[in-house]
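**Q** Each residue of the sequence shown is one higher than the one before, starting from 17 at the first, in the numbering used here. Backbone N, C-alpha and C define an ideal beta-carbon position, used for all residues, glycine too. All values derive from a computational prediction rather than experimental measurement. What follows is a single structure, and I will ask about it in a moment.
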Amino acid sequence: MKKRGFGAGLWNGFGGKVQPGESIEEAARRELLEESGLTVDTLQKMGQITFEFVGNSELMDVHIFRADHFHGEPTESEEMRPQWFRLDEVPFHRMWPDDSYWFPLVLQRKLFRGYFKFQGQDTILEHSLKEVEEV
17 MKKRGFGAGL WNGFGGKVQP GESIEEAARR ELLEESGLTV DTLQKMGQIT
67 FEFVGNSELM DVHIFRADHF HGEPTESEEM RPQWFRLDEV PFHRMWPDDS
117 YWFPLVLQRK LFRGYFKFQG QDTILEHSLK EVEEV
C-alpha cells in the first residue's frame, strides 16, 4: 500500500524517479530496496507505459519490471506497506484503474507498450495497449 505521495492509499508497485547517473534498471533496484527491503539478482523489463494527466503538461514514462526471485523479507518503509496477494485475489479495485489492463500481461510474461490519459487519478479518458516483441 502506497502510504504517501502520488497514489497514496492505493496498492502499487515499487518505484520512483531515476537519479542523475543512474540507469532505469539501477533505479528500479534502488527503489525496490528502499521501499521494501528486498534485493533481486535479475529484473526482466516487461513493459513501458506513458501516462498523461489532464492539466499537467509533463508526461510520465513508466517502466515495468518483473522479478521472479528475491532476497530478504518484505518490510514496511515510510513510502510503502508491502503485502503479498494470491494471483486470484489481486485487489484491482484498490489499485490504479489502468493496472487491470496491463498487470495480467506481466503475469503472463507478455511484453507490452501502452498509453493512458487520465482525468484526475481515477478516470481513464483514453488508452492504448499492445503486445510487443521487445521493450
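(1) List in chain order: all unbroken beta strand (DSSP E) runs of 3+ residues lying wholly within the segment 116-140.
(2) Verify whether the separation of the beta carbon atoms of Phe134 and Asp114 is less than 9 Å.
(3) Exposed or buried, which one is Glu149 when buried takes at least 16 other CB atoms within 10 Å?
(4) Do you know offhand how far Asp104's Cα is from Trp118's?
(5) Let me check understanding here. Comparing Cα to Cα, which of Arg102, Thr55 and Gly71 lies closest to Phe86?
(6) For the putative contact between Lys18 and Met96, defined by C-beta atoms under 8 Å, what is the C-beta separation to the nearest angstrom?
(7) What first and last residue would you give for the beta strand (DSSP E) that runs through Arg20?
(8) Output the boundary residues of the beta strand (DSSP E) element that contains Arg82.
(9) State yes or no: is the C-beta of Trp100 within less than 9 Å of the C-beta of Asn28?
**A** For this structure:
(1) For the segment 116-140, whole beta strand (DSSP E) runs of length 3 or above, ordered along the chain, are 128-135.
(2) Residue 134 sits at position 118 when you count from the first residue of the sequence shown. Residue 114 sits at position 98 when you count from the first residue of the sequence shown. Yes.
(3) Locating residue 149 in the sequence shown gives position 133, counting from the first residue. Around the C-beta of Glu149, fewer than 16 other C-beta atoms lie within 10 Å, and the residue is accordingly described as exposed.
(4) What you label residue 104 is simply residue 88 of the sequence shown in a count that begins at 1. What you label residue 118 is simply residue 102 of the sequence shown in a count that begins at 1. Rounded to the nearest angstrom, the two C-alpha atoms are 15 Å apart.
(5) Taking the sequence shown and counting its residues from 1, the one referred to as residue 86 is at position 70. Residue Thr55 is the option with its Cα nearest to Phe86.
(6) Here residue 18 refers to the residue found at position 2 of the sequence shown. Here residue 96 refers to the residue found at position 80 of the sequence shown. A Cβ-Cβ separation of about 6 Å places Lys18 in contact with Met96 under the 8 Å criterion.
(7) Translated into positions along the sequence shown, residue 20 becomes position 4. Looking at the DSSP string, Arg20 is not in any beta strand (DSSP E), and its letter there is neither H nor E.
(8) As a first step, residue 82 is located in the sequence shown; it is residue number 66 there, counting from the start. Boundaries of the beta strand (DSSP E) around Arg82: Met76 to Arg82.
(9) Residue mapping note: residue 100 aligns to position 84 of the sequence shown, counting from 1. Residue mapping note: residue 28 aligns to position 12 of the sequence shown, counting from 1. For Trp100 and Asn28, no; Cβs fall outside 9 Å.
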